[in-house]
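Heads up: the protein sequence lines correspond to chains L and H, in order. Residue 1 is where the first sequence starts when you use this note's numbering, and the numbers rise one by one after that. Residue 275 is where the second sequence starts when you use this note's numbering, and the numbers rise one by one after that.
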Amino acid sequence: MCDTCGCNDSNSEYTIIKPEDIGNRNDSNAHGHDSHEHKHMDEHDHTHAHNHSHDHNRKIEIEQDVLYKNNLLAERNRGYFQAKNILALNLVSSPGSGKTTILEKTIKDLSKNIAFSVIEGDQQSMNDASRIKATGVPVVQINTGFGCHLDAEMINSAVKELKINDNSILMIENVGNLVCPALFDLGENFRVVIISVTEGEDKPLKYPYMFQSSNLCVINKIDLLPYVEFDIDKTREYALRVNHHLQFIELSAKTGQGIDKWYNWLKKMSNKTI
Amino acid sequence: MHEFSIALNIVDIASKTATDASATKINEVEIEVGILSGVVIEALEFALESAVKNTLLENAKIIINRIKARAKCNNCNTEFKPSDLIAKCPVCSSFDFEIINGRELRVKSINVD
């Protein structure tokens, strides 16, 4: 079918046109369709018995979000999580902030009362998945190879591999990277950005997209505060410049200092979701 | 380098649309990228060079329109043009603003044979 006027072309393999194309079909010929053999404006009462080849420039308006496929899949994941009463968290940070240690500690302390499952994302290796497996909860590893982030399709496939319980928490540990994962919705309920006090306090200013798209900021390794120059108040101030709704929890996954606040947040959010 | 994923998505959208319209070749692709979209345009151009290989877009002219940012201050309602996500309102210095334009990441149109 000719995308411009809707006439039938016998050479056409497809007769289905995407809905987003229909609204943009321009019958006024304002889009360089002037070499078309039959220049009717909007009268369609004639038949097209003549042969009509598409060997001319045609402009097709698309107006489609580049990430629409990811976003559709993310919504599908979100629907699945909602139906099964799963609280899904997307944990993002730079490498070495302590994501896996936070996960290990959390699972160890809470898994008696709450069911957990974990998706680990790394470029390579099974190291993190092995650490989580040792805690006894279901886990799958996604190795992204050359990829720098997880996307909704990877989560969709990983979820099929995992036997996720109803009324549980799914932790998705994204690839350690404060840039790329910011753009990709996985279908999570909340995005949690983790920063450790051994990093620069100006991380929120350097990587604003990640802090802007997160719901909670966990500041880890606070047991090291006496030994490093890290001004927590400044970090908060910088992060709030980028995201006025961001919440903060300061903790040390190693010593357990402040970890109750994280657990309370998890319980509160899972009660909301679950 | 998330720009490569973005580039592959652009190639998919353009190719699918062209195939659905029985086109054999894509002459031109027009893309809109907001300056606050989180995509580096130079990196996207570089990624597209490889992403288009062996596709209908192989020899297509790629036009990337930069969309300027526009924001509205939540404190004093002033409309202004933020240069980045941590810009301040020029009138009241508040960091609290809504972005109206500048986050676009869209395939606008293709020109096909």
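We put the CB at the ideal spot given by N, CA and C, even for glycine. Keep in mind that this is a model prediction, so the values were computed, not measured.
Start-to-end residues for the beta strand (DSSP E) that takes in residue i
{"i": "Gln64/L", "result": "Arg58 to Asp65"}
{"i": "Lys335/H", "result": "Lys335 to Ile341"}
{"i": "Glu306/H", "result": "Ile300 to Gly308"}
{"i": "Asp231/L", "result": "Asp231/L -> no beta strand (DSSP E), and no H or E assigned at all."}
{"i": "Glu120/L", "result": "Ala115 to Asp122"}
{"i": "Ser93/L", "result": "Ile86 to Ser93"}
{"i": "Val175/L", "result": "Careful: Val175/L lies outside any beta strand (DSSP E) and carries neither H nor E."}
Endpoints, alpha helix (DSSP H) assigned at residue i
{"i": "Glu75/L", "result": "Tyr68 to Ala83"}
{"i": "Lys160/L", "result": "Ala152 to Glu161"}
{"i": "Arg377/H", "result": "Run containing Arg377/H: none; DSSP gives neither H nor E here."}
{"i": "Gln212/L", "result": "Pro208 to Gln212"}
{"i": "Ala288/H", "result": "Glu277 to Asp294"}
{"i": "Phe320/H", "result": "Ile315 to Ala325"}
{"i": "Thr100/L", "result": "Lys99 to Leu110"}
Length of the line joining the Cα atoms of residue i and residue j
{"i": "Glu323/H", "j": "Asn57/L", "result": "23 Å"}
{"i": "Leu266/L", "j": "Asn177/L", "result": "23 Å"}
{"i": "Asn71/L", "j": "Ile62/L", "result": "17 Å"}
{"i": "Asn165/L", "j": "Arg344/H", "result": "44 Å"}
{"i": "Asp65/L", "j": "Ile287/H", "result": "9 Å"}
{"i": "Ile132/L", "j": "Ile142/L", "result": "13 Å"}
{"i": "Lys105/L", "j": "Ser125/L", "result": "21 Å"}
{"i": "Ala239/L", "j": "Tyr209/L", "result": "11 Å"}
{"i": "Gly256/L", "j": "Val139/L", "result": "23 Å"}
{"i": "Ala83/L", "j": "Lys163/L", "result": "15 Å"}
{"i": "Ala134/L", "j": "Val118/L", "result": "12 Å"}
{"i": "Ile337/H", "j": "Asn328/H", "result": "19 Å"}
{"i": "Val381/H", "j": "Glu277/H", "result": "14 Å"}
{"i": "Asn174/L", "j": "Tyr263/L", "result": "20 Å"}
{"i": "Ile280/H", "j": "Ala182/L", "result": "13 Å"}
{"i": "Asn385/H", "j": "Asp151/L", "result": "30 Å"}
{"i": "Asp387/H", "j": "Lys346/H", "result": "42 Å"}
{"i": "Ile172/L", "j": "Phe146/L", "result": "19 Å"}
{"i": "Asn11/L", "j": "Ser383/H", "result": "Annotation note: pLDDT 34 at Asn11/L (below 50); position unreliable, no value reported."}
{"i": "Ala30/L", "j": "Ile60/L", "result": "Reliability fails at Ala30/L, whose pLDDT of 37 lies under 50, so the model's placement of it is uncertain and no value is given."}
{"i": "Glu302/H", "j": "Lys69/L", "result": "22 Å"}
{"i": "Leu299/L", "j": "Asp128/L", "result": "This structure cannot settle anything about residue 299/L, because the visible part of chain L is limited to 1 through 274."}
{"i": "Pro95/L", "j": "Cys148/L", "result": "12 Å"}
{"i": "Leu224/L", "j": "Glu237/L", "result": "20 Å"}
{"i": "Ile300/H", "j": "Lys335/H", "result": "9 Å"}
{"i": "Pro356/H", "j": "Ala74/L", "result": "29 Å"}
{"i": "Glu332/H", "j": "Phe184/L", "result": "26 Å"}
{"i": "Tyr227/L", "j": "Leu87/L", "result": "36 Å"}
{"i": "Leu91/L", "j": "Ser97/L", "result": "11 Å"}
{"i": "Val285/H", "j": "Arg340/H", "result": "19 Å"}
Neighbouring residues, chain L, relative to residue i (Cβ below 7 Å)
{"i": "Arg380/H", "result": "Glu63, Gln64, Asp65 and Val66"}
{"i": "Asn301/H", "result": "Asn57"}
{"i": "Ile384/H", "result": "Ile60 and Ile62"}
{"i": "Gly312/H", "result": "Ala182, Leu183 and Tyr209"}
{"i": "Ala325/H", "result": "None at all; the shortest Cβ gap to chain L is about 12 Å."}
Beta bridge counterpart(s) of residue i as assigned by DSSP
{"i": "Ile164/L", "result": "Partner(s): none; Ile164/L has no beta bridge."}
{"i": "Phe354/H", "result": "Ala345/H"}
{"i": "Cys217/L", "result": "Val193/L and Phe248/L"}
{"i": "Ser125/L", "result": "In DSSP, Ser125/L forms no bridge with anything."}
{"i": "Asn385/H", "result": "Lys59/L and Glu302/H"}
{"i": "Leu205/L", "result": "According to DSSP, which records beta bridges pairwise, Leu205/L is partnered with nothing at all."}
{"i": "Val137/L", "result": "For Val137/L, which the question treats as bridged, DSSP gives no partner whatsoever."}
{"i": "Ile142/L", "result": "Gly121/L"}
{"i": "Leu170/L", "result": "Ala88/L and Ser117/L"}
Chain-ordered neighbours of residue i on chain H, where CB pairs are closer than 9 Å
{"i": "Cys148/L", "result": "Met275, His276, Phe278 and Ser279"}
{"i": "Val242/L", "result": "Leu359, Ile360 and Phe369"}
{"i": "Lys69/L", "result": "Asn283, Asp286 and Ile287"}
Per-residue contacts from residue i into chain H (C-beta, under 8 Å)
{"i": "Leu205/L", "result": "Ile360"}
{"i": "Gln212/L", "result": "Leu359"}
Listed by chain order, chain L residues near residue i by CB distance under 9 Å
{"i": "Ala343/H", "result": "What Ala343/H touches in chain L: nothing, since even the nearest Cβ is about 13 Å away."}
Chain-ordered chain L contacts of residue i [CB-CB under 8 Å]
{"i": "Ala321/H", "result": "Neighbours of Ala321/H on chain L: none; closest Cβ ~12 Å, over 8 Å."}
{"i": "Ala334/H", "result": "Those do not exist, as Ala334/H stays about 12 Å from chain L at its closest Cβ, beyond 8 Å."}
{"i": "Thr329/H", "result": "Within 8 Å Cβ-Cβ: nothing; Thr329/H doesn't reach chain L, min ~16 Å."}
Is there contact between the region 302-321 of chain H and the region 87-102 of chain L, where contact requires at least three CB pairs shorter than 8 Å? no
Evaluate the contact criterion for the region 293-308 of chain H versus the region 239-258 of chain L: three or more CB pairs, one atom per stretch, below 8 Å. no
Could you tell me whether the region 107-126 of chain L touches the region 192-199 of chain L, using the rule of 3 or more Cβ pairs below 8 Å? no
Pair every Cβ in the region 114-127 of chain L with every Cβ in the region 218-233 of chain L, then say whether three or more of these pairs are closer than 8 Å. Not touching, per the Cβ criterion.
Determine, using beta-carbon pairs with one atom in the region 364-382 of chain H and one in the region 298-313 of chain H, whether at least three such pairs fall under 8 Å. Taking 8 Å as the limit for Cβ pairs, the verdict is that the region 298-313 of chain H does touch the region 364-382 of chain H.
Between the region 355-371 of chain H and the region 321-336 of chain H, do three or more beta carbon pairs fall short of 8 Å? no
Are at least three pairs of beta-carbons, each pair with one atom in the region 149-160 of chain L and one in the region 170-188 of chain L, less than 8 Å apart? Contact between the region 149-160 of chain L and the region 170-188 of chain L is present, with at least three C-beta pairs closer than 8 Å.
Could you say if the region 203-213 of chain L and the region 239-246 of chain L meet the contact criterion of at least three C-beta pairs nearer than 8 Å? yes
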